[in-house]
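Engineer: Protein chains in written order, with our numbering: chain W, 247 to 481; chain F, 247 to 481; chain G, 247 to 481; chain A, 247 to 481. Even glycine gets a Cβ: it sits at the ideal position worked out from N, Cα and C. Everything numeric in this text was worked out from a predicted model, so none of it was measured. Take a look at this one; I'll ask things after.
Number of protein chains: 4
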Amino acid sequence: KAAPVLDHGFVRVIDYMGNDAAIVQAARVSYGAGTKKVNDDSGLIRYLMRHWHSTPFEMCELKLHVKLPIFVARQWIRHRTANVNEYSARYSIMDREFYIPEPQHLAAQSTVNNQGRGAVLEGAEAARVLEILKSDAARTYDHYEEMLSQDGQQGLARELARMNLPANIYTQWYWKVDLHNLFHFLRLRADPHAQYEIRVYAEAIARMVADWVPVAFGAFEDYRMGGITLSGKAI
Amino acid sequence: KAAPVLDHGFVRVIDYMGNDAAIVQAARVSYGAGTKKVNDDSGLIRYLMRHWHSTPFEMCELKLHVKLPIFVARQWIRHRTANVNEYSARYSIMDREFYIPEPQHLAAQSTVNNQGRGAVLEGAEAARVLEILKSDAARTYDHYEEMLSQDGQQGLARELARMNLPANIYTQWYWKVDLHNLFHFLRLRADPHAQYEIRVYAEAIARMVADWVPVAFGAFEDYRMGGITLSGKAI
Amino acid sequence: KAAPVLDHGFVRVIDYMGNDAAIVQAARVSYGAGTKKVNDDSGLIRYLMRHWHSTPFEMCELKLHVKLPIFVARQWIRHRTANVNEYSARYSIMDREFYIPEPQHLAAQSTVNNQGRGAVLEGAEAARVLEILKSDAARTYDHYEEMLSQDGQQGLARELARMNLPANIYTQWYWKVDLHNLFHFLRLRADPHAQYEIRVYAEAIARMVADWVPVAFGAFEDYRMGGITLSGKAI
Amino acid sequence: KAAPVLDHGFVRVIDYMGNDAAIVQAARVSYGAGTKKVNDDSGLIRYLMRHWHSTPFEMCELKLHVKLPIFVARQWIRHRTANVNEYSARYSIMDREFYIPEPQHLAAQSTVNNQGRGAVLEGAEAARVLEILKSDAARTYDHYEEMLSQDGQQGLARELARMNLPANIYTQWYWKVDLHNLFHFLRLRADPHAQYEIRVYAEAIARMVADWVPVAFGAFEDYRMGGITLSGKAI
Ligand SMILES: Cc1cc2nc3c(=O)[nH]c(=O)nc-3n(C[C@H](O)[C@H](O)[C@H](O)COP(=O)(O)OP(=O)(O)OC[C@H]3O[C@@H](n4cnc5c(N)ncnc54)[C@H](O)[C@@H]3O)c2cc1C
Ligand SMILES: Cc1cc2nc3c(=O)[nH]c(=O)nc-3n(C[C@H](O)[C@H](O)[C@H](O)COP(=O)(O)OP(=O)(O)OC[C@H]3O[C@@H](n4cnc5c(N)ncnc54)[C@H](O)[C@@H]3O)c2cc1C
Ligand SMILES: Cc1cc2nc3c(=O)[nH]c(=O)nc-3n(C[C@H](O)[C@H](O)[C@H](O)COP(=O)(O)OP(=O)(O)OC[C@H]3O[C@@H](n4cnc5c(N)ncnc54)[C@H](O)[C@@H]3O)c2cc1C
Ligand SMILES: Cc1cc2nc3c(=O)[nH]c(=O)nc-3n(C[C@H](O)[C@H](O)[C@H](O)COP(=O)(O)OP(=O)(O)OC[C@H]3O[C@@H](n4cnc5c(N)ncnc54)[C@H](O)[C@@H]3O)c2cc1C
Numbered sequence: 247k248a249a250p251v252l253d254h255g256f257v258r259v260i261d262y263m264g265n266d267a268a269i270v271q272a273a274r275v276s277y278g279a280g281t282k283k284v285n286d287d288s289g290l291i292r293y294l295m296r297h298w299h300s301t302p303f304e305m306c307e308l309k310l311h312v313k314l315p316i317f318v319a320r321q322w323i324r325h326r327t328a329n330v331n332e333y334s335a336r337y338s339i340m341d342r343e344f345y346i347p348e349p350q351h352l353a354a355q356s357t358v359n360n361q362g363r364g365a366v367l368e369g370a371e372a373a374r375v376l377e378i379l380k381s382d383a384a385r386t387y388d389h390y391e392e393m394l395s396q397d398g399q400q401g402l403a404r405e406l407a408r409m410n411l412p413a414n415i416y417t418q419w420y421w422k423v424d425l426h427n428l429f430h431f432l433r434l435r436a437d438p439h440a441q442y443e444i445r446v447y448a449e450a451i452a453r454m455v456a457d458w459v460p461v462a463f464g465a466f467e468d469y470r471m472g473g474i475t476l477s478g479k480a481i
Numbered sequence: 247k248a249a250p251v252l253d254h255g256f257v258r259v260i261d262y263m264g265n266d267a268a269i270v271q272a273a274r275v276s277y278g279a280g281t282k283k284v285n286d287d288s289g290l291i292r293y294l295m296r297h298w299h300s301t302p303f304e305m306c307e308l309k310l311h312v313k314l315p316i317f318v319a320r321q322w323i324r325h326r327t328a329n330v331n332e333y334s335a336r337y338s339i340m341d342r343e344f345y346i347p348e349p350q351h352l353a354a355q356s357t358v359n360n361q362g363r364g365a366v367l368e369g370a371e372a373a374r375v376l377e378i379l380k381s382d383a384a385r386t387y388d389h390y391e392e393m394l395s396q397d398g399q400q401g402l403a404r405e406l407a408r409m410n411l412p413a414n415i416y417t418q419w420y421w422k423v424d425l426h427n428l429f430h431f432l433r434l435r436a437d438p439h440a441q442y443e444i445r446v447y448a449e450a451i452a453r454m455v456a457d458w459v460p461v462a463f464g465a466f467e468d469y470r471m472g473g474i475t476l477s478g479k480a481i
Numbered sequence: 247k248a249a250p251v252l253d254h255g256f257v258r259v260i261d262y263m264g265n266d267a268a269i270v271q272a273a274r275v276s277y278g279a280g281t282k283k284v285n286d287d288s289g290l291i292r293y294l295m296r297h298w299h300s301t302p303f304e305m306c307e308l309k310l311h312v313k314l315p316i317f318v319a320r321q322w323i324r325h326r327t328a329n330v331n332e333y334s335a336r337y338s339i340m341d342r343e344f345y346i347p348e349p350q351h352l353a354a355q356s357t358v359n360n361q362g363r364g365a366v367l368e369g370a371e372a373a374r375v376l377e378i379l380k381s382d383a384a385r386t387y388d389h390y391e392e393m394l395s396q397d398g399q400q401g402l403a404r405e406l407a408r409m410n411l412p413a414n415i416y417t418q419w420y421w422k423v424d425l426h427n428l429f430h431f432l433r434l435r436a437d438p439h440a441q442y443e444i445r446v447y448a449e450a451i452a453r454m455v456a457d458w459v460p461v462a463f464g465a466f467e468d469y470r471m472g473g474i475t476l477s478g479k480a481i
Numbered sequence: 247k248a249a250p251v252l253d254h255g256f257v258r259v260i261d262y263m264g265n266d267a268a269i270v271q272a273a274r275v276s277y278g279a280g281t282k283k284v285n286d287d288s289g290l291i292r293y294l295m296r297h298w299h300s301t302p303f304e305m306c307e308l309k310l311h312v313k314l315p316i317f318v319a320r321q322w323i324r325h326r327t328a329n330v331n332e333y334s335a336r337y338s339i340m341d342r343e344f345y346i347p348e349p350q351h352l353a354a355q356s357t358v359n360n361q362g363r364g365a366v367l368e369g370a371e372a373a374r375v376l377e378i379l380k381s382d383a384a385r386t387y388d389h390y391e392e393m394l395s396q397d398g399q400q401g402l403a404r405e406l407a408r409m410n411l412p413a414n415i416y417t418q419w420y421w422k423v424d425l426h427n428l429f430h431f432l433r434l435r436a437d438p439h440a441q442y443e444i445r446v447y448a449e450a451i452a453r454m455v456a457d458w459v460p461v462a463f464g465a466f467e468d469y470r471m472g473g474i475t476l477s478g479k480a481i
């Protein structure tokens, strides 16, 4: 049921509200008799998408359970139009699970794009990077546990000990969002400019959305993902 | 199924997501092992409410179909944390339905509260008020129809003709909101300071919420509606 | 100082925060050394607009005082990402000021667009429409006053009496919004699909924004207002 | 000008809009003649605060530059009603600056509160914790630099290398928020239940707000911070 993402992460649908029909239903409240022209549902949904009539898409809602590395969570949480409950590292002890990239994703800094990746690292360098990531993860986690509790010691507060953990440790949360803002998330995060590690989450969610609201997703793909914006000057 | 409100209005549940258990489920993601102390669900929900831990309540969502006078809609729409699709008076023709208060709700301006009502109007004055409201509604609506279409004329655009209609005409919308922000709405609009005509909608919704999430609603009633805030000085 | 709009309305700048330089300043915090390539400010702002990097535009804020007819206010308030304080018809008595369109704006319902206007009304029909709008405004306002206070009567509560007033009466508010969401408002409301009566407000504000943040406004005009979006299929 | 917070952090005011008078000005638009009763400004502001009339407080805006450890940033960013531009670890290289608590803040896990701290750690344990935090910070940062660039190697992309850095490394951002939501932030984060490391930021900001809008801050302190909420049953 949960779609696996990266080495230890996943995305799982917890609940949803509405579907393609719910978008149409809401639009028809607004437009009443005025929707005669666009009399099939699929045409209406595509019309709404094309003209940025976004409020009917807000009538659908999706709730996910996600497990993800903290550096991905830090990008994701910037999308403010969602509801979130995250695992608390003040209350609870973090699990010993770290994201370690597969060798083919160990890329060099891009030489053309300051915010991106270039060629894959060569064997020796890649090996050294993996060794660093693994050993630092292991050592910092050992120290985390040691700070939390050692025989004969008080044990550092969890909210303090966690500061020693690197950004590739996994956290988890419930994340709930309406379909309009989910499309906005997908447009930004399933995009080639997004970091690979969040893009794979966006792609996993996109597949779920395509199943859930196929017509709306088709319109989104066509007008938002695949579309391009030309400036007035360019025209 | 729809709860009637005022003379022609209603509130009807279209869909909902989650329930009391969904609040607990989300909170337990956050608090993990830390929730052992509050081990029953009802205690946990009351704890969350008491300490303003509001994000687990955002995990529930309610979608309503509402028919309401425009002057009520103007107060309601000020709650920005909701999703709305309203009947369009640009596309469609408004129905001939106006809110005419019952005599016992025809109150005088309050002499103590600048934003409220005082005693009920006496018979003759009340009768005169009712007669004004009814005849102006009828006349303005007749004129609305006349402007829209008369034999041998072009017919004024709907978006213009509607400006002649008074604020007690009914409109309708789909309104979707999460439970935390719904409680906030209820706190402000089921309150004695709110205008009677929106309060009856809030009260109708409150009854639906009490059925839907009885534990959360009980906590809300106890800590928000019935509660009072004392200032530091007062303590 | 206030720009007049429609027959009795206006838009007036109360305060603002930031300018073109503030957008650049915020972007440079994010991008640090990465902004070397786009080393002039104007190029950076255009780059941000082109790539939908919207958060630096949120760093500017504008506060306006607006006087506008209620049917325009009802469209405007749907933009939820703003801060509003409106004149209260529960506390205070509304002024006797109504929007009466100029003859050249008295258009017929469009025959091609269900949500728009077509040809201007001919002389006799236009005259009849104007007469209706004026006399209904006058009569409903006379009745409003009569309900509020007549010799020897208690006077109906303001919050009730106002329901007799038509949607072309003027209200006023303070409206504060960040530049990103203001651009979104302008894109939707300075657009030909928007109703003329809100479009003139959007256009008045657009002129103020062009003075305030000329570079950002230029980029907005070029990439958002003048631009077109092509679907994947169209490409 | 910047207020230092923790060992390397700070809070600095970049810009602000409005003041106590702006709150009153906005409220008087709403309440018009109705505000006669509360004729002094300070009384009006206190009245608004007491009755949760929050929209006039949204008319003031504050923009800060903040430098803070990542684990604090992760708590802070959960406040969605703000505008943020953060330093990008995809574009730029992080500085070698880590939060190392002072010994008197190295507390044990609370034995009564699952989400809090108890007694300060004793000498030997505290020393061991400090040594761990310092050496792991140094080592992970050395490895970060090594992964980014070594003689004769390509250098790992910044967006990947940063995943090795622990949560006590410093980041920075511009943060802009309206006064109502800032008060909400302060109520939650200057509270004893908040983690010490974010509380000191909230307290530094509170002092700035007290200078900026002394009357509103006084009302906030009295009715929100110092106040208590009694449940209906308790009354
Ligand atoms: C002591 C403490 C412990 C905490 N522990 C945890 C924890 O264990 N796990 C965890 O996940 N979080 C935890 N939090 C974070 C908490 O759940 C909130 O996310 C955070 O305090 C921000 O509060 P807020 O949502 O009220 O603020 P804001 O996001 O600024 O929102 C203010 C108000 O605006 C409205 N609003 C804004 N955005 C939206 C939106 N997208 N949808 C609907 N309404 C919106 C709501 O009415 C909201 O109350 C903790 C916070 C504190 C203070
Ligand atoms: C030509 C035209 C015709 C229209 N016809 C109709 C009609 O017939 N019926 C009708 O009901 N409306 C109609 N509208 C109004 C329209 O549906 C929007 O409500 C309005 O344009 C505001 O747009 P917005 O929601 O993008 O703006 P804002 O409310 O300012 O929101 C901007 C963005 O912020 C986010 N956001 C803000 N608040 C929330 C929230 N509470 N939940 C989730 N995300 C949020 C969303 O990403 C949103 O896109 C029409 C508008 C136009 C321009
Ligand atoms: C008795 C009464 C009298 C009133 N009188 C007047 C009056 O005279 N004039 C008048 O103008 N209004 C009046 N109002 C309306 C009032 O000012 C609010 O607009 C309304 O109650 C909605 O409340 P809200 O903003 O808390 O709700 P929501 O808009 O649902 O917001 C909930 C919370 O989310 C956050 N939030 C949501 N959107 C934004 C945003 N765009 N920017 C920042 N934060 C956001 C805030 O933290 C907010 O508190 C009155 C309301 C009541 C109940
Ligand atoms: C490739 C890429 C690179 C990035 N690089 C950086 C970087 O270097 N630094 C950095 O700081 N960020 C960076 N970001 C994050 C980016 O700035 C946004 O924070 C993030 O993409 C969320 O987008 P959003 O604000 O549109 O979404 P949401 O927060 O979901 O908002 C959707 C819409 O709702 C409205 N809205 C919601 N909340 C508010 C609010 N509180 N006030 C006003 N309007 C609101 C706005 O109209 C907004 O457009 C990057 C993002 C991407 C995709």
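Give me the residue from W:Y337, W:A354, W:R274 and W:V358 with the minimum Cα distance to G369 of chain W.
Structural biologist: Closest in C-alpha terms to G369 of chain W, from the list W:Y337, W:A354, W:R274 and W:V358, comes W:A354.
Engineer: Listed from N- to C-terminal order along the chain, which residues in the stretch 396-420 of chain F have their beta-carbon within a distance smaller than 8 Å of any beta-carbon of chain W?
Structural biologist: Here the close residues are Q418, W419 and Y420.
Engineer: So the candidates are A:H299, A:T417 and A:G362; which of them puts its Cα closest to the Cα of S338 of chain A?
Structural biologist: A:T417
Engineer: Assign H297 of chain W to one of two classes, buried (16 or more other C-beta atoms within 10 Å of its C-beta) or exposed (fewer than that).
Structural biologist: exposed
Engineer: Report the neighbours of Y345 of chain F on chain G: residues whose CB is nearer than 9 Å to its CB, in chain order.
Structural biologist: One finds M409 in chain G with Cβ atoms closer than 9 Å to the Cβ of Y345 of chain F, taken in chain order.
Engineer: State buried or exposed for V455 of chain A, treating a residue as buried only when at least 16 other CB atoms are found within 10 Å of its CB.
Structural biologist: buried
Engineer: Please confirm whether K313 of chain W has its beta-carbon closer than 8 Å to some beta-carbon of chain F.
Structural biologist: no
Engineer: Verify the CB distance criterion: does D286 of chain G have a CB-CB separation below 8 Å to chain W?
Structural biologist: no
Engineer: Should A328 of chain F be counted as a contact of ligand 2 given a C-beta to heavy atom distance under 7 Å?
Structural biologist: Shortest gap from the CB of A328 of chain F to any heavy atom of ligand 2: under 7 Å.
Engineer: Going by beta-carbon coordinates alone, are V423 of chain G and T301 of chain G separated by less than 8 Å?
Structural biologist: no
Engineer: Using 8 Å as the limit for Cβ to Cβ distance, is A353 of chain A near chain D?
Structural biologist: No chain D is part of this structure, whose protein chains are labelled W, F, G and A.
Engineer: Report, in whole angstroms, the separation of the C-beta atoms of C306 of chain F and I346 of chain F, which I expect to be a contact under 8 Å.
Structural biologist: That belief does not hold up - the Cβ atoms of C306 of chain F and I346 of chain F are roughly 36 Å apart, past 8 Å.
Engineer: Could you confirm whether any beta carbon from chain W is found closer than 8 Å to the beta carbon of V358 of chain F?
Structural biologist: no
Engineer: Is H299 of chain F near ligand 1, in the sense that its beta carbon is under 7 Å from a heavy atom of that ligand?
Structural biologist: yes
Engineer: Which residue wins for smallest C-alpha separation from S395 of chain G, given the options G:A384, G:T386, G:A407 and G:Y442?
Structural biologist: If we check each option's Cα against that of S395 of chain G, G:A407 comes out closest.
Engineer: Whose C-alpha, out of A:M471, A:A273 and A:I474, is nearest the C-alpha of N329 of chain G?
Structural biologist: N329 of chain G has its Cα closest to that of A:A273, out of A:M471, A:A273 and A:I474.
Engineer: Quick one: does the C-beta of H254 of chain G sit closer than 7 Å to a heavy atom of ligand 4?
Structural biologist: no
Engineer: Just tell me which of W:D253, W:V312, W:F317 and W:K479 has its CA closest to the CA of I415 of chain A.
Structural biologist: W:F317
Engineer: List, in chain order, every chain F residue whose beta-carbon is nearer than 7 Å to that of Y293 of chain A.
Structural biologist: In chain order: nothing, as chain F lies at least about 12 Å away.
Engineer: What are the start and end residues of each continuous alpha helix (DSSP H) run of 4 or more residues lying completely inside the stretch 247-277 of chain G, in chain order?
Structural biologist: Runs of the alpha helix (DSSP H) inside the stretch 247-277 of chain G: 266-277.
Engineer: Just to confirm the assignment, what range does the alpha helix (DSSP H) spanning N331 of chain F have?
Structural biologist: Element bounds for N331 of chain F: not the alpha helix (DSSP H) but the beta strand (DSSP E), A328 to E332.
Engineer: May I ask you to check if the CB of S356 of chain A is nearer than 7 Å to at least one heavy atom of ligand 1?
Structural biologist: no
Engineer: Under 8 Å between beta-carbons, which chain W residues line up against R445 of chain A? List them in chain order, please.
Structural biologist: Residues of chain W passing the Cβ test: none, with the nearest at roughly 12 Å.
Engineer: State buried or exposed for I474 of chain F, treating a residue as buried only when at least 16 other CB atoms are found within 10 Å of its CB.
Structural biologist: exposed
Engineer: Taking only three categories from DSSP, how would you classify G369 of chain G?
Structural biologist: helix
Engineer: Taking CB distances under 8 Å as the criterion, tell me whether A465 of chain F reaches chain G.
Structural biologist: no
Engineer: Give me the chain F residues within the contact set of T301 of chain W, using Cβ-Cβ distance strictly less than 8 Å, ordered along the chain.
Structural biologist: N329, V330 and N331
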